[in-house]
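Heads up, the thing below is written out as structure tokens.
Numbering (the numbering used here), first residue to last: 5 to 89.
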């Protein structure tokens, strides 16, 4: 017959095993939901480079056309605020 101490040690051992299995299943869930999708995400560098270049080109073209008008609008609004006009 087991002693009280041995029964307590056995119950603690069972508790530790259960917690270990729970943590390992949580790690499996973490790996499946978080780590694996990040690993498989390879990215599309040429696509992003193209997007950046096209955006830069559009901003440059629009800025070249609109710069004089935007400058005059800003100057007029600042002059109106300062009462210089």
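We put the CB at the ideal spot given by N, CA and C, even for glycine. A quick note: this is a predicted structure, and the numbers were derived from the prediction, not measured.
>> Using 9 Å as the threshold, is the C-beta distance between residue 14 and residue 23 below it?
In response: In the chain shown, the residue the question calls residue 14 occupies position 10. In the chain shown, the residue the question calls residue 23 occupies position 19. Not closer than 9 Å, so no.
> Residue range of the alpha helix (DSSP H) that residue 83 falls in?
Replying inline: Here the question's residue 83 lines up with position 79 in the chain shown. First-last of the alpha helix (DSSP H) with residue 83: 49-86.
> What is the DSSP secondary structure of residue 15, reduced to helix, strand or coil?
Replying inline: Taking the first residue of the chain shown as position 1, residue 15 is located at position 11. It is helical.
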